Each structure stands twice: as structure tokens, then as C-alpha cells.
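Trainee: Structure incoming, see below.
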């Protein structure tokens, strides 16, 4: 199978009705459909380093367009410093945008909120809480649930991430990979509308990382999680995403969306298939090959 | 091509680290006790050689005898009670004032900017030097002595609580705000538990400072107290009584510090053991 053919299978695999109508799917800016869950239109983010003068601003993100439907798993890859994390932080509500619109279910994002949960590169668990209480932390802050109920939910999620026996440990007693599983469970416990992940596996050893990627995909598929995953690792993006959005160098915008044609859940074996390698090659070419966006390139 | 990686959940190892080799106390205690015994033996040897007369350097046995002598009358209880009251009141007031104030200073940076010059000024001043002032203001009764103990003890507590809050992990704070936590929730769930190690070490420092305060306060006009007892005994060359008083102070410090270490172990059990 040639690369073009591999990508010709780039019809949306899971929710074909949702995406099929848009014709060529690999374009950067798809028109906003009524089913859009998260929609970013012409987003512009300026970044001012703390302590610097007002004129000293960096344009981190410009003209970023992205659309997520429910249950989408979208990966964002880009060169380091391209503003992809800034973009994610804006969606999380940590930083304001200077232009365009950023909407979740049709409403502008006002600030951080429990409808979006974020998983950072560092597990950032509360070291004085046992694993179980860490998982129920978000629920406790939300106050929408009784304590016993929250603990039950936390237990269920620990089971899901494969840490059922570790509820009474302190984070310091866990390995880095296990801490990141707890982090994931904590984010999932609040049942967010949107799961935001910022290179969550970057500081985990390669082998554990591949295992964790498989686990994440399994969990997100099983629980119908809508996720936006930022990474600089192309293989990771291709393995996880339904679509991979390639960011340009700063000021960042999405130059290309590549649809990943593999059915979820995916086995680790997918990584070694020629189709997968061709896909990775395709993304890498977009990322490193050209000097800018590739206008009009349609994968068909 | 076979995949080498299996997705397998980790299994929890059985709880507990297995029994310690029984019969022998831990090396920590063996070494500690031997050091204390060695110093006592050396001290007794030097004293027994009578390089200096017993009135200048009594041996451990003389000091033990002095202890017996002290506790044979009821007067010692009045002294212990007076000094103990000064210590406890001073420490409690210092905690009640210093702990919340420190936490608030750490939390609201602007309040910190406001109070920092004052705190730094008072902390840098040898607060013992305020004794004459406090006696003028409060008289030579209990209140001036408690005030001195308070002044000695309050700063370590205040400064440590503040830096406990200031040194919170920014990543953990970000997680809390990501979940939409309010200020009060962040304070309760992160600032407070996160500063416990700082607070406890502040309290430990405060115990030492407070004991200095008790002793110095009783030097300038007191009717009872261990500090006064030592001072009087010193003027009468009852050197072994002075030593006995010294040990009373030391024992109090050791006991209180030990209690705080227990508190620390209870509330900071999450810290990785060294």
C-alpha cells in the first residue's frame, strides 16, 4: 500500500457521519458545524514575559483554527516553542486570547473551569494526600458529590488506570509512570467535557510511555472522552489521535490536519505497520520539510 | 512483527517493609546513647581528677546529688510552675499570633510587603535587649516575662509559616485552579497542609528561643523560676545547682522538641523518608 493510499483511507473512521460531509478532510480550517464541541476560530494570543515592558510582546499564536467534535481525540504537534502549549493553556482558560473566538459548546471560555481538566507533563499530585484522595481532589473541590460517593468514583477510576492496589499510598511511594496514571485518573474523575493533555508522557521512559499511550487510548475510547493532546512526538500523535494537527513555527497556527485511519482502540502492533510509518513520515514532512504552510495540499 | 510491550497493570506489593532485625535497637539509638554515655564518663573523669575544685567543676554525680537536694523540698515546684507557666503562655500566645499572621503574610504578598520591614527590623534586633523596656511597660510580674518569651518565640513561627506558604509548588497550585478551586479552597487544601513541615520546624526553633526568653526574663527581678534559681545559686557558688537548673532547661527543650517531632511524623507522613 502506498502512502497516498494509506492516507486515502483518511476517511473518518469512527464517526463518519460527523466528518464525512466536509469533503477533503485535511484542510486547516474546517467551517464550524453545528455539532462543534470546541471551536477555535482565528485565535490570536500574545505573550508578554512577566516583568517586561508593554511593547515587548511575542505573538505566540495567530490565526489558529481548530474544531473538536464530541469523542474526538485530536493531537497537536509542532516544533518546540511554536505556541501549541500556549494555545492549550488558552483553551484551559489560564491565559486570555487577543483575537478570534474560543468556544466550548457555543460559549466563550471565561477562565479555568471544571468542565475542562488538564493533565500536565508533571504529575503534580498533592504529596500529602494518599493516592485515593488525590483522585477525588477535583470532585471534592466541585462539592457536587458526597464524600463517600466521590471516593467510590475515585476507586473506580484507580481501577481503570490499573492502580487498584495503591489507593493508600502516598505519591512519593509511586514511580513516575504510576504518578502520571493517578494524574490521569484525577482529571477523568470530574468527568470533564474536554480533557486537555500537555505532553503528559514526556518525562516517562520510552517503554512505559508506549504502554501508557495504549492505556490512555483504551480509557478515552471506553469512556467517550473528548481529548486534545499536545506533544512534540510525532509517533505519539499518530498513535493516539483521530486527527493530527500540525502547528507551524511561531506565531503558531495549524498548517495541516492529518486524519489517522486506524480504528480505535489500537493495538501496539499498529506502530510497526507500514501504513503507520507512512503516516508518521507524512506528518514529519509537513513539520520539518517545507518552510511554511503547504497551501492547497489535499490528501486524497 | 511481535510487539514486546504488554499492557499490564502494576500490582501492589504486600504492605509493610518486613520486620526489622529483631533483638537490636536501631543504630540511631545505639550511637546516640553511646555518645551521651561517653561524654558523661569523660566529664566524671575530668571532675574526679580535680584539676579544678568541685565548686568550679562538679561531676555528674554531684549534679545528680544536687537534683536530689532540689527535689527534697517543695520550693522547686513553685519554681518549675512559674517557669513552666511563662514558657507555656509565651509559646501558646506566640503560636496563636504568629501562625495565622505568618500564613496570611505568605498568602497575600502585598500584606507581606507591608509588614516585612517591621518583621525584619524586630527579627534582626536582639529582642532580649527589649527586656528593660518591657519591664518599664509591664512591670516585673509575669506579664513582662511572658511578653519576652512571646517576643523570642513568635518570629521563628511567623517567618517559617510565611515561607511555607510562599514556597508552595506552583504546579500543584495550577492544578487546583485548573479544577476551579476558589481562594479559600486553595488555602485549605494546599497552602495549609503544604506548609506543615515549615510550621513544625518554626515551632521547634521557637521552643529553643522561648527557653532563652524564660531564662533571661527571670534574671531581672523574679521571685520564682528555674532561671532565678540558677542565678541565685551562681551567686552563692552552688555550682552543681546551676548545672541542675541547666539540665532542667535542656530536658524541657528535648521533651518539647520530641513532641513536635511526633506531630511532624503524624502530619507530614507523606514526606519521603531519608
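Protein chains in written order, with the working numbering: chain Z, 60 to 359; chain U, 116 to 389.
For each residue, glycine too, the CB sits at the ideal point set by N, CA and C.
In this text, all values refer to a predicted model and were calculated from it rather than measured experimentally.
At 4 residues or longer, what runs of the alpha helix (DSSP H) sit wholly inside the stretch 307-365 of chain U?
Mentor: Inside the stretch 307-365 of chain U, DSSP marks whole alpha helix (DSSP H) runs of 4 or more residues at positions 307-334 and 341-350, from first to last along the chain.
Trainee: Going by C-alpha distance, which of Z:223, Z:266, Z:243 and Z:196 is nearest residue 294 of chain U?
Mentor: As a first step, residue 294 of chain U must be located in the second chain, where it is residue number 179. Looking at Z:223, Z:266, Z:243 and Z:196, the one whose alpha-carbon comes closest to that of residue 294 of chain U is Z:196.
Trainee: Are there three or more Cβ pairs, one per stretch, closer than 8 Å when the stretch 308-320 of chain U is compared with the stretch 330-342 of chain U?
Mentor: no
Trainee: Rounding to the nearest angstrom, what Cα-Cα distance links residue 219 of chain U and residue 308 of chain U in this structure?
Mentor: Taking the second chain and counting its residues from 1, the one referred to as residue 219 of chain U is at position 104. Taking the second chain and counting its residues from 1, the one referred to as residue 308 of chain U is at position 193. Roughly 14 Å between the two C-alpha positions.
Trainee: Can a CB atom of chain Z be found closer than 9 Å to the CB of residue 313 of chain U?
Mentor: Sequence index remark: in the second chain, residue 313 of chain U carries index 198 (1-based). For residue 313 of chain U, the answer is no, since every Cβ of chain Z falls outside 9 Å of its Cβ.
Trainee: When burial is assigned at 16 or more other CB atoms within 10 Å of the CB, is residue 298 of chain Z buried or exposed?
Mentor: Counted from its first residue, the first chain places residue 298 of chain Z at position 239. Under a 10 Å Cβ-count criterion, residue 298 of chain Z is classified as buried, with 16 or more other Cβ atoms of the shown protein chains found around its own Cβ.
Trainee: Counting only Cβ pairs nearer than 7 Å, list the residues of chain Z close to residue 306 of chain U.
Mentor: Your numbering for residue 306 of chain U matches position 191 in the second chain. Under the 7 Å cutoff, chain Z gives no residues; its nearest Cβ is about 12 Å from residue 306 of chain U.
Trainee: In whole angstroms, give me the CA-to-CA distance for residue 322 of chain Z and residue 301 of chain Z.
Mentor: Against the first chain, residue 322 of chain Z aligns to sequence position 263. Against the first chain, residue 301 of chain Z aligns to sequence position 242. C-alpha separation (whole angstroms): 9 Å.
Trainee: Which residues mark the beginning and the end of the alpha helix (DSSP H) in which residue 214 of chain Z is found?
Mentor: What you label residue 214 of chain Z is simply residue 155 of the first chain in a count that begins at 1. Run containing residue 214 of chain Z: 206-219, per the alpha helix (DSSP H) assignment.
Trainee: Take residue 294 of chain Z and list the residues in its own chain whose beta-carbon comes closer than 6 Å to its own, dropping the five residues that flank it on each side.
Mentor: Reading the first chain from its first residue, position 235 is the one you call residue 294 of chain Z. Excluding positions up to five away in sequence, the list reads 339.
Trainee: Quick check: the stretch 324-332 of chain Z against the stretch 150-165 of chain Z, are there 3 or more CB pairs under 8 Å?
Mentor: no
Trainee: Would a C-beta distance cut-off of 9 Å place residue 290 of chain Z and residue 254 of chain Z closer than the cut-off?
Mentor: In the first chain, residue 290 of chain Z corresponds to position 231, counting from 1. In the first chain, residue 254 of chain Z corresponds to position 195, counting from 1. Result no, Cβ atoms of residue 290 of chain Z and residue 254 of chain Z do not sit closer than 9 Å.
Trainee: Tell me the DSSP secondary structure of residue 167 of chain Z in three-state form.
Mentor: As a first step, residue 167 of chain Z must be located in the first chain, where it is residue number 108. In this structure, residue 167 of chain Z counts as strand in the three-state DSSP scheme.
Trainee: In three-state DSSP terms, what is residue 290 of chain Z?
Mentor: On the first chain, position 231 is the one that residue 290 of chain Z refers to. Three-state result, residue 290 of chain Z: strand.
Trainee: For the alpha helix (DSSP H) containing residue 293 of chain U, name the first residue and the last one.
Mentor: Translated into the one-based positions of the second chain, residue 293 of chain U becomes position 178. Element bounds for residue 293 of chain U: 285-293.
Trainee: Closer than 7 Å, Cβ to any Cβ of chain U: which residues of the stretch 137-159 of chain Z, in chain order?
Mentor: Flagged, chain order: 151.
Trainee: I believe residue 282 of chain Z touches residue 243 of chain Z by the beta-carbon criterion, under 8 Å. Please report the beta-carbon distance rounded to the nearest angstrom.
Mentor: Numbered from its first residue, the first chain carries residue 282 of chain Z at position 223. Numbered from its first residue, the first chain carries residue 243 of chain Z at position 184. Contact doesn't hold; Cβ gap of about 11 Å is too wide.
Trainee: Determine the burial state of residue 165 of chain U: buried for a count of at least 16 other Cβ atoms within 10 Å of its Cβ, exposed for fewer.
Mentor: Counting from 1 along the second chain, the entry for residue 165 of chain U is found at position 50. When all chains shown are included, residue 165 of chain U counts as exposed.
Trainee: May I ask you to report which of helix, strand or coil DSSP gives residue 106 of chain Z?
Mentor: By one-based count along the first chain, residue 106 of chain Z stands at place 47. When DSSP states are grouped into helix, strand and coil, residue 106 of chain Z belongs to the strand group.
Trainee: Apply the 10 Å Cβ neighbour rule to residue 167 of chain U and answer buried if 16 or more other Cβ atoms are within range, or exposed otherwise.
Mentor: Here residue 167 of chain U refers to the residue found at position 52 of the second chain. So residue 167 of chain U ends up on the exposed side.
Trainee: Per the DSSP calculation, residue 304 of chain Z is bridged to which residue(s)?
Mentor: Within the first chain, numbered from 1, the residue matching residue 304 of chain Z stands at position 245. Z:135 and Z:316, per the DSSP bridge assignment.
Trainee: Would you decide whether residue 162 of chain U is buried or exposed? Buried here means 16 or more other CB atoms lie within 10 Å of its CB.
Mentor: Counted from its first residue, the second chain places residue 162 of chain U at position 47. Flag for residue 162 of chain U reads buried.
Trainee: Please list, in chain order, the chain Z residues whose beta carbon lies closer than 7 Å to that of residue 292 of chain U.
Mentor: Within the second chain, numbered from 1, the residue matching residue 292 of chain U stands at position 177. Residues of chain Z passing the Cβ test: 171.
Trainee: Using alpha carbons as the reference points, say which of Z:96, Z:224, Z:150 and Z:235 lies closest to residue 266 of chain Z.
Mentor: Here the question's residue 266 of chain Z lines up with position 207 in the first chain. The shortest C-alpha separation from residue 266 of chain Z is found at Z:235.
Trainee: 9 Å is my cut-off, CB to CB: does residue 348 of chain Z come that close to chain U?
Mentor: The count along the first chain starts at 1 and reaches residue 348 of chain Z at position 289. Residue 348 of chain Z does not count as touching chain U.
Trainee: To the nearest angstrom, report how far apart residue 123 of chain Z and residue 145 of chain Z are at their CA atoms.
Mentor: Start at 1 with the first residue of the first chain, and residue 123 of chain Z comes out as number 64. Start at 1 with the first residue of the first chain, and residue 145 of chain Z comes out as number 86. Each residue's Cα considered, the two are about 11 Å apart.
Trainee: Tell me which residue opens and which closes the alpha helix (DSSP H) that residue 340 of chain Z is part of.
Mentor: As a working mapping, residue 340 of chain Z is identified with position 281 in the first chain. If you look at residue 340 of chain Z, you'll find it in the alpha helix (DSSP H) that goes 333-343.
Trainee: Of all the residues that make up the stretch 212-237 of chain U, which are near chain Z by a beta-carbon distance shorter than 9 Å?
Mentor: Hits within the stretch: zero.
Trainee: Whole beta strand (DSSP E) runs in the stretch 197-241 of chain U with 3 or more residues, listed along the chain?
Mentor: none
Trainee: Quick check: what's the CA-CA separation for residue 81 of chain Z versus residue 228 of chain Z?
Mentor: For the purposes of this step, residue 81 of chain Z is taken as the residue at position 22 of the first chain. For the purposes of this step, residue 228 of chain Z is taken as the residue at position 169 of the first chain. Low confidence applies here, because residue 81 of chain Z scores a pLDDT of 39, under 50, leaving its location unreliable and the question unanswered by this model.
Trainee: What do you get for residue 143 of chain Z, buried or exposed, if any count of 16 or more other CB atoms within 10 angstroms of its CB means buried?
Mentor: On the first chain, residue 143 of chain Z is found 84 positions in, with the first residue counted as 1. Buried is the call here.
Trainee: Taking the straight line between their C-alpha atoms, what separation do you get for residue 97 of chain Z and residue 133 of chain Z?
Mentor: Counting from 1 along the first chain, the entry for residue 97 of chain Z is found at position 38. Counting from 1 along the first chain, the entry for residue 133 of chain Z is found at position 74. About 11 Å.
Trainee: Taking only beta carbons into account, state which residues of the stretch 178-190 of chain Z come closer than 7 Å to chain U, listed in chain order.
Mentor: Within the stretch 178-190 of chain Z, the qualifying residues are 179, 181, 183, 185, 186 and 187.
Trainee: Below 8 Å on the Cβ atoms is my guess for residue 280 of chain U versus residue 379 of chain U; work out the distance and round it to an integer in Å.
Mentor: Position 165 of the second chain, counted from the first residue, corresponds to residue 280 of chain U. Position 264 of the second chain, counted from the first residue, corresponds to residue 379 of chain U. Wrong, their Cβ atoms sit about 18 Å apart, outside the cutoff.
Trainee: So for residue 178 of chain Z, helix, strand or coil by DSSP?
Mentor: The sequence position of residue 178 of chain Z within the first chain is 119, counting from 1. When secondary structure is reduced to three states using DSSP, residue 178 of chain Z falls in the strand class.
Trainee: Quick one: what does DSSP say residue 227 of chain Z is sitting in, helix, strand or coil?
Mentor: Working through the first chain from its first residue, we reach residue 227 of chain Z at position 168. Correct three-state label for residue 227 of chain Z: coil.
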